[in-house]
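Just below is one structure, and these are the notes that go with it.
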Amino acid sequence: MNAVATATRLVERLLACGVNDAVLSPGSRSGPLALALHAADVQGLLRLHVRVDEREAAFLALGLAKSGRLVPVVTTSGTAVANLHPAMLEALHTGVPVLAVTADRPARLRGTGANQTTEQRGFFAGVRFLTAVDEIAPAHGPTHLNLELDEPLIEAVDWEFALAEPVPPPEQVAEPAVVMDCLADTVVLAGDRSGKAPRELAEAIGWPLLAEPTSGSRGGSHAVTTYRALLGRPELAGRIARVVSFGHATLSRPVTALLARADIDIVHVGDQSTFPVPAGANVTFVDAVRADGSADPAWLDLWRSADASAVAAIDAELDGTAAYDVARTVDTAVTGGGLLVIGSSNPIRDLDLVGSAPDVERTVMGNRGLAGIDGLLSTAIGAALAGSFTRSIAYVGDLTFLHGSNGLLIGPHEPRPDLTIVVVNDDGGSIFATLEQGAEDYADAFERVYATPTGADLAALCTGYRIAHRRIAPGDLAAALEVPPKGIEVIEVPVDRQGRRSLEARLMEAARI
Ligand SMILES: Cc1ncc(C[n+]2csc(CCOP(=O)(O)OP(=O)(O)O)c2C)c(N)n1
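Mapped onto our numbering, the consecutive letters of the sequence shown carry residue numbers 2 to 514.
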């Protein structure tokens, strides 16, 4: 099949697979695919997004694909393919349907010194690999299609796409739900991408709910917001007889320690790939659970009253501490129908500790598959473009912002969401101060090799990319967030990194008493 026919078939197959959005980076070998996608966009069959930087293009596709729809990201050959890797890995570890379509030279040129020619087959270990357009299907997780395209690459044609039969989504064969009795003192744990099931279970049976911000379950009357601190209280943690765990919990050491316990029953809805420690004999992996009966209310009351006193203790200790203030303000600004995309490192941990559990339908997400600090801005832009949210906010540290700042490189013809990017700028990585390496012993090396301050001028960077930017004090953030922007805006909030280690220790201590 010649290149134009392959490109036509590709668009037809994508449409049959329910594709709404496609991402493209420029190149010569991928030229026919670019022209076909452009034609499909002009004909109103899909929405095309063009990005120069393939790493950002792939994260944009990841953000778009978090909606559950298949999203292709199309590139030329050579190093362009390698730039897709971070987002493909994140998609692999979270089951997000990104389709990498990489243009390749014909087989006869492989293994020669032909320009921009390398081994692209099976490039992404663990990712489903295809070589034929007709094999594309809506999927759980990422796919790589490597297309060999031969000369002539382009021809002046009228692009016509035949609408094919829809390709059905993958069948999910689930085992019947395991019925949980209400007798053992149980906590429900909701890790990243759990969905609503943990909250529904906790509320149906009357168990405390320990829900990470990106779980999809953090809300309602059973959520214990300070769970990370409370797991350090022997009178609570010591009484846990069973954990029912959902999603992929990676945020805090107390939770990892809980899941590593061998003296309690652990039922994990999922498999080892979302269970953060090697599972012992006390861990059962299941497909789904169902509640039976109602638990002794005294168990939930114990957690609730401990939570109330921990919240008060943390409030007293914080007393307007800037970084946590920012977390609270952002949390409050995203109400029902809103989108919050949270960066790795302290933003998500701060929000986990001091954020609320509002009883509203909002979407909160991060890149927790591998918890990278890369690609967050593009992920947020993609997520915001994929839905119709009342308000979209991304909330990131300065290094996360700078690492993914090429996500702001968006041409004038490209769709842009209304998105506020809040950057907590403490000039470097504050998270390391709270870990072992933040101890006095390593103080000499700490600033240079862990904290890595950059002194970067975010305002100048935004000016360079023609993105609106404001720098404001933490106390002014709530007012600044009141009016949603038209397009993308960056709000930089400078805070101090000093004292982070001792503050964290004081907070945990205060909440434990
Ligand atoms: C791609 C990638 N590289 C390195 C890391 C390791 N890492 C984790 S947090 C962090 C610092 C993040 O700093 P910042 O975004 O400013 O947030 P803060 O720690 O100040 O909250 C780094 C480098 C990572 N998670 N991902």
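Note that beta-carbon positions come from the ideal geometry of N, C-alpha and C, so glycine has one too.
Residue ranges of uninterrupted alpha helix (DSSP H) with 4 or more members, entirely inside the segment 19-59 and ordered along the chain, are 32-43.
In this structure, ASN147 keeps its C-beta atom at 9 Å or more from the C-beta atom of THR113. In the assembly as shown, GLY488 is an exposed residue. Its beta-carbon has fewer than 16 other beta-carbons within 10 Å.
Counting C-beta atoms within 10 angstroms of its own C-beta, ARG392 has 16 or more neighbours from the protein chains shown and is therefore classed as buried.
ASP193: not part of any alpha helix (DSSP H); DSSP gives it neither H nor E.
Between VAL424 and GLU57, the alpha-carbon positions lie close to 18 Å from each other.
About 5 Å separates the beta carbons of PRO277 and THR257, which is inside the 8 Å limit, making them a contact pair. The C-beta of GLY192 has 16 or more other C-beta atoms within 10 Å across all chains shown, which makes the residue buried. Per the DSSP secondary-structure output, LEU482 pairs with nothing in a beta bridge. Bounds of the alpha helix (DSSP H) holding PRO87 are 86-95. For PRO495, the distance from the CB to the nearest heavy atom of ligand 1 is not below 8 Å.
For THR76, the three-state secondary structure derived from DSSP is strand.
As the crow flies, the alpha-carbon of ALA224 is around 20 Å from that of ALA289. Counting other Cβ atoms within 10 Å of its Cβ, GLN121 reaches 16 or more and is therefore classed as buried. Rounded to whole angstroms, the gap between the alpha carbons of PRO177 and ALA292 is 13 Å. In this structure GLU362 is exposed. Its beta-carbon is surrounded by fewer than 16 other beta-carbon atoms within 10 angstroms.
Boundaries of the beta strand (DSSP E) harbouring TYR396: 393-398, taken from the DSSP string. Assignment of alpha helix (DSSP H) within the segment 312-359, counting only whole runs of 4 or more residues, yields 323-334 and 347-355 in chain order. Ligand 1 approaches ILE432 closely enough that one of its heavy atoms is under 8 Å from the residue's Cβ.
In the structure shown, HIS404 adopts helical secondary structure according to DSSP, grouped into three states.
Taking 8 Å as the cut-off, the C-beta of SER346 counts as close to a heavy atom of ligand 1.
Scanning the segment 266-314 for uninterrupted alpha helix (DSSP H) segments of 4 residues or longer gives nothing; none is fully contained.
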